[in-house]
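Undergrad: Structure provided below as structure tokens; questions to follow.
Protein chains: 2
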Amino acid sequence: MNHKVSQRFEVLISGAGGQGIILAGVIIAEAGIAQKLQVVQTASYGPESRGGASRSEVILASSPIDYPAVTEPDFVAAFTQEAADKHAGRARSGGVVLLDSTWVEEMPPGLHGRVYSIPLTEEARKRFDKPIVANVIALGFFSEHNPLIGPDALLKALISRVPSHYREMNEHAFSLGRELAQVDVTV
Amino acid sequence: MNHKVSQRFEVLISGAGGQGIILAGVIIAEAGIAQKLQVVQTASYGPESRGGASRSEVILASSPIDYPAVTEPDFVAAFTQEAADKHAGRARSGGVVLLDSTWVEEMPPGLHGRVYSIPLTEEARKRFDKPIVANVIALGFFSEHNPLIGPDALLKALISRVPSHYREMNEHAFSLGRELAQVDVTV
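In order, the protein sequences belong to chains X and R. Residue numbering for the first sequence follows numbering that gives the first Met the number 0, starting at 0 and increasing by one per position. Residue numbering for the second sequence follows numbering that gives the first Met the number 0, starting at 0 and increasing by one per position.
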């Protein structure tokens with residue numbers, strides 16, 4: 000007999016405008032669609048004049064999504080201190096929290112997930128001379144920390160979204176994220 | 000004295016995969032961002048294998064958005080009978096409901112908005128030989144039926160999203176939508 004268990008996985012990526020937060024959510028959503036999952040993807044933008052808080056939410060599910068809002072995210076990434084303070088504590092128990100320690104210098108309140116504090120932006124700047132690919136490193140990391148979209152599917156969705164002359168750099172950044180996910184850097 | 004009233008406008012566009020539902024929501028969101036509004040944009044996808052119900056929600060607001068889900072949409076567009084049956088009745092009293100009568104042949108239940116029944120897909124096919132631009136006609140229509148994003152801003156966001164060789168067709172489709180919004184076709 001084939002007992003299929005319905006799975007639902009909630010993702011919350013938060014930061015500021017210009018950090019590729021929205022695009023990261025779109026890429027996860029597109030990878031999910033390609034995997035024939037049910038997907039709800041939400042992008043929230045504050046006006047740039049206010050500092051531009053930016054947030055992506057993605058719900059991935061193997062059966063129809065009744066409640067389309069993220070409540071207890073299984074995976075939270077935060078790219079600014081403000082985003083970390085606001086969202087990192089929302090991760091469910093046992094969920095994964097990824098903090099870009101280039102910008103998140105103080106541990107946010109209320110943490111109860113597995114916390115990885117990694118200088119994503121600094122790695123992106125140092126290795127690729129492109130701070131913006133911090134989001135791609137995060138995608139590689141994410142691909143190792145969710146049960147529904149594997150690295151190959153996520154990389155494919157990524158590649159279809161980036162200009163071809165940046166393809167190699169994005170592949171490297173994605174691989175770096177996967178490697179960082181293997182290392183035990185839990186704080 | 001300058002009394003600014005906080006405004007919030009909820010949009011729900013629903014149909015099937017391949018009808019440009021998601022793109023229409025993204026274009027409204029991008030126009031809203033360019034207008035320095037607060038924007039939450041949500042895209043919901045069902046797997047294609049299940050018929051691919053597709054839904055875009057956009058919340059536009061002049062001040063921070065506390066509750067990021069669409070509850071009583073001010074504007075509902077439905078491009079399939081199924082979408083109309085499910086969502087058209089959710090429009091708030093006094094809201095606008097746009098039905099693509101090419102596909103919505105029976106009036107959906109529970110209507111209490113101002114209802115426009117227009118053969119968007121048939122118009123798109125007849126005039127441009129491209130059924131897909133039904134979504135652009137809808138955007139032109141929308142630009143005349145919301146208080147926060149005018150036609151110029153919406154057209155600009157549209158043009159930045161379409162291939163340049165389709166620019167003229169999209170401009171025409173958008174204009175057609177604006178014209179259809181002027182005609183009293185309320186059912």
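Beta carbons are placed, not taken as given, at the ideal position from N, Cα and C, and that holds for glycine.
1) Could you tell me whether any Cβ in chain R is nearer than 7 Å to the Cβ of Ala42 of chain X?
2) Given this structure, state the Cα-to-Cα distance separating Val10 of chain R from Ala77 of chain X, to the nearest angstrom.
3) Following the continuous alpha helix (DSSP H) through Gly24 of chain R, name the residue where it begins and the one where it ends.
4) Kindly indicate if chain X contains any beta-carbon less than 7 Å away from that of Ile32 of chain R.
5) In chain order, what residues of the same chain have a beta carbon less than 7 Å from the beta carbon of Leu110 of chain R, not counting five sequence neighbours either side?
6) Would the stretch 116-131 of chain X and the stretch 63-73 of chain X be scored as touching if the rule is three or more Cβ pairs under 8 Å?
7) Applying a beta-carbon distance threshold of less than 9 Å, which residues of chain X neighbour Val38 of chain R?
8) Can you tell me which of the three DSSP states His171 of chain R falls into?
9) Look at the Cβ atom of Ile12 of chain R, then the Cβ atom of Ser43 of chain R, and state whether they are nearer than 7 Å.
10) For Ile58 of chain X, collect the residues of the same chain with a Cβ closer than 6 Å to its Cβ; drop the 5 residues on either side in sequence, then sort them by chain order.
11) Would you call the stretch 22-36 of chain R and the stretch 165-172 of chain X touching, i.e. three or more CB-CB distances under 8 Å?
12) Consider the Cβ of Ala68 of chain R: report whether some Cβ of chain X lies at a distance smaller than 7 Å.
13) For Leu157 of chain R versus Ser142 of chain R, is the C-beta spacing smaller than 7 Å?
14) Do you know whose CA, among X:Glu167, X:Gln181 and X:Glu121, lies nearest Gln18 of chain X's CA?
15) Less than 7 Å separating the beta-carbons of Gly139 of chain X and Gly176 of chain X?
16) My guess is that Val75 of chain R and Gly94 of chain R are in contact by the Cβ rule of under 8 Å, so how many angstroms apart are they, rounded?
17) Could you check whether the Cβ of Pro162 of chain X sits closer than 7 Å to any Cβ belonging to chain B?
18) Beta-carbon separation of Ala83 of chain R and Val69 of chain R under 7 Å?
19) Listing by chain order, which chain X residues have their CB less than 9 Å from the CB of Ala28 of chain R?
20) Could you tell me the boundaries of the alpha helix (DSSP H) in which Glu9 of chain R lies?
21) Between which two residues does the alpha helix (DSSP H) harbouring Arg160 of chain R extend?
22) So the beta strand (DSSP E) Val75 of chain X belongs to, where does it begin and stop?
23) Unbroken beta strand (DSSP E) runs of length 3 or more, entirely within the stretch 96-133 of chain X: which are they?
24) Thinking C-alpha only, which one of X:Arg166, X:Pro72 and X:Ala33 is nearest Arg7 of chain X?
25) What does the Cβ neighbour count give for His164 of chain R, buried or exposed, with the cut at 16 atoms within 10 Å?
26) Is DSSP giving Ser53 of chain R helix, strand or coil here?
27) Looking at the strands, I want to know which residues DSSP matches up with Ile58 of chain X.
28) Assign Ser92 of chain X to one of two classes, buried (16 or more other C-beta atoms within 10 Å of its C-beta) or exposed (fewer than that).
29) Does the Cβ of Gln188 of chain R have 16 or more other Cβ atoms within 10 Å, making it buried, or fewer, making it exposed?
30) Just confirm the distance between the C-beta atoms of Ala90 of chain X and His144 of chain X, as a whole number of angstroms; I'd bet it's less than 8 Å.
31) Write down the C-beta distance between Thr101 of chain X and Ala15 of chain X rounded to the nearest angstrom, noting that I regard them as a contact closer than 8 Å.
32) Where do the N-terminal and C-terminal ends of the alpha helix (DSSP H) with His86 of chain R fall, by residue?
33) CA-CA distance, Ala60 of chain X and Ala52 of chain R?
34) Residues in the same chain with beta-carbon distance under 8 Å from Arg160 of chain R, minus the five sequence neighbours each way, listed in chain order, please.
35) Pull up the DSSP beta-bridge partners for Tyr44 of chain R, would you.
TA: Walking through what the data contain:
1) yes
2) 28 Å
3) Ile20 to Ala33
4) yes
5) Ala87, Gly88 and Val96
6) no
7) Ala42, Ser43, Tyr44, Gly45 and Pro46
8) helix
9) no
10) Glu9, Val39 and Ile64
11) no
12) yes
13) no
14) X:Glu121
15) yes
16) 7 Å
17) Structure shown: chain B not included; protein chains present are X and R.
18) no
19) Ala42 and Tyr44
20) Segment Arg7 to Ala15 is the beta strand (DSSP E) holding Glu9 of chain R; no alpha helix (DSSP H) there.
21) First-last for Arg160 of chain R: undefined, no H or E at that position.
22) Phe74 to Ala77
23) 113-117
24) X:Pro72
25) exposed
26) strand
27) X:Glu9 and X:Val39
28) exposed
29) Chain R is shown from 0 up to 186; residue 188 of chain R falls before or after that span and cannot be answered.
30) Contact flag wrong, Cβ pair sits at about 11 Å.
31) With 8 Å as the limit, Thr101 of chain X and Ala15 of chain X do not qualify as a contact, their Cβ atoms being about 12 Å apart.
32) Gln80 to His86
33) 15 Å
34) Leu22, Val25, Ile26 and Glu29
35) X:Val38 and R:Ser53
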